[in-house]
Amino acid sequence: MTSIRQLAARLLLAPLVAAGLAGAAHAQLTVGQTAGISGAVASSVGEATKGARLYFDIVNAAGGVNGQKITLVSLDDKFDPKLAVANAKTLIDQGVIALFLNRGTPHTQAVMPLLTEHKVPLVGPSTGAMVLHKPVHPWLFNVRATYQREAERSIEHLSLIGIERIALVQVDDSFGEDAAAGALSGLAKVNKTAVAHEKYDRAKPDFAPIIPRLLARQPQAIVFIGSGTAVVQGMKAVRAAGSTAQLVTLSNNASAGFIKDLGDIAYGVIVSQVFPYERSIAKPIIKEASEAAQKAGVELTPTVVEGFVSAKVLVEGLKRAGPKPTRESLRKALEGMSHYDVGGIELGYSPTDHTGLEYVDLSIIDHSGKFRR
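Sequence positions in the sequence shown follow mature numbering (1 follows the signal peptide of the UniProt record, and there is no 0) and run -27 to -1, 1 to 346.
So this is what it looks like as structure tokens:
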């Protein structure tokens, strides 16, 4: 005989089960995000999420997708891969039609088995790791270019402006190894080797022993591969030690929060970019994002643009997935976007290519604390 306690438990679980079934079969247009809302990458995560919400708000104000409005549910994983997995499982069980705009290479790798197990797409992971591109994962759709291409492009630029002695400082995880591979490839292409190559712990970065070894090699430029506060700490340690070496980092740090955290040492830092210049309104996508940001009172930064573009790609997939989209129809619709003009830049997917965009550029932080191209 069923007890009152057992009956109550079933009644509490019923809405969650129903939500899961609805998400899989009837496309309640709920999109799930797990990312470091707090912690080392909070600034850039916040900006990317603002950008995504700007676009979703535009779509919802126009009636949604086939009459269904999009809801973005964001959970804080505190930049912890284990918590990212737990959050992703929670979102999947609650019936999201897709995961979206998560942050971090180890975090994405940890979530990938869930995509296969539950047959749910992940669109626009905010990481450029090559492992997310090759081999192609059937349920993962990248939007931004790879870190390897960013790092390689940065090295090419340093070589072109006459810098010979280049050092690398990387976080000791899968993201660091991946991006460093691009930097080393770039060095090889210009017949150079790194004068120093140091690694730091992701969970507890300690630059005290690293910086003296690094500067003993007299680098003219230092490429920092890492995220948020750790890179800020490393760059500040370089300047505190008296070095005037050119400082360089990748697009995962292309946020206003990163510049603010750098403070007085921000001027002159080079940051690679994977989207068109946020002030270049000649590009339709930038004009669209700029108008939306201005209306909402949001500062348009490269990371806000990333969120905006990623949301636009997801919405286009949902539009093509039919009046009652499912996770499977969304995946097929995305793979059919072979020549999609996002707004002056073209994205292409196929069953054998989930790379998305290949755009890479460089910016420098100016005296006013803005990125300039």
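No residue lacks a Cβ here, since even glycine has one placed at the ideal position from N, Cα and C.
Here the structure is a predicted model, which means the values were calculated and not measured.
Asked                                                                                                          : Found
Between the CA atoms of V4 and P324 - distance to the nearest angstrom                                         : 22 Å
Three-state class that DSSP yields for D30 in the structure shown                                              : helix
Q6 - DSSP class collapsed to helix/strand/coil                                                                 : strand
Continuous alpha helix (DSSP H) stretch holding residue 347: start and end                                     : Given a span of -27 to 346 for the chain in the structure shown, any question on residue 347 remains unanswerable.
Residue burial classification, P296 (beta-carbon count within 10 angstroms, cutoff 16)                         : exposed
Beta-carbon gap between A203 and A156 smaller than 8 Å                                                         : no
Same chain only: Cβ atoms within 7 Å of N115, ignoring 5 sequence neighbours per side                          : P98, L105, H106, H327, T328 and G329
Continuous beta strand (DSSP E) stretch holding D334: start and end                                            : D334 to I338
Y313 beta carbon less than 8 Å from that of F248                                                               : no
Outcome for D179 when other beta-carbon atoms lying within 10 angstroms are tallied against a minimum of 16    : exposed
Pick from L320, G280, T22 and A265 that is closest to A34, judged by C-alpha positions                         : A265
C-alpha gap between A71 and A284, whole angstroms                                                              : 12 Å
Whole runs of the beta strand (DSSP E) within the region 49 to 124, excluding any shorter than 3 residues      : 71 to 73
Length of the line joining the Cα atoms of G215 and V168                                                       : 18 Å
Y240 beta carbon less than 8 Å from that of I338                                                               : yes
Terminal residues of the alpha helix (DSSP H) in which L160 lies                                               : S147 to K162
For T166 and L160, the rounded distance between their alpha carbons                                            : 6 Å
The region 73 to 84 in contact with the region 51 to 59 per 3-pair CB rule at 8 Å                              : yes
G270 classed as buried or exposed, judged by whether at least 16 other C-beta atoms fall within 10 angstroms   : exposed
C-alpha gap between L307 and P185, whole angstroms                                                             : 49 Å
Among R346, G290 and T7, nearest to N39 - alpha-carbon criterion                                               : G290
Chain C within 8 Å of A15, Cβ atoms only                                                                       : Considering every chain present, this structure includes no chain C. It has just one protein chain.
Buried versus exposed, by CB contacts within 10 Å (16 or more), G342                                           : exposed
Identity of the residue in P111, P86, T22 and I128 nearest residue 347 by Cα                                   : Absent from the structure is residue 347, since the part of the chain shown begins at -27 and ends at 346.
Per DSSP, cross-strand counterpart(s) of G321                                                                  : G329
Own chain partners of Y173 with C-beta closer than 8 Å, once the 5 adjacent residues on each side are dropped  : V142, Q143, V144, D145, D179, F180, I183, G199, A203 and G207
Start-end ranges of the alpha helix (DSSP H) lying completely within the region 206 to 278, minimum 4 residues : 229 to 235 and 257 to 269
Rounded Cβ spacing between S17 and N225 (contact assumed at less than 8 Å)                                     : 7 Å
Euclidean distance between Cα positions of I187 and K209                                                       : The sequence shown places Leu at residue 187, rather than the Ile named in the question. Rounded to whole angstroms, L187 to K209 spans 14 Å at the Cα level.
Local Cβ density within 10 Å of V280, reported as buried at 16 or more and exposed below that                  : The sequence given here places Gly at residue 280; Val does not occur at that position. By the 10 Å Cβ count, G280 comes out buried.
Contact check, A83 vs V58, beta carbons under 8 Å                                                              : yes
Check whether E251 and I259 have beta carbons under 8 Å apart                                                  : yes
Whether P192 touches A140 by CB criterion (8 Å)                                                                : yes
L133 classed as buried or exposed, judged by whether at least 16 other C-beta atoms fall within 10 angstroms   : exposed
Cβ shell of F344 (< 7 Å), same chain only, five flanking positions each side left out                          : A227, V244, P275, S336 and I338
Backbone secondary structure at I183 - three-state DSSP                                                        : helix
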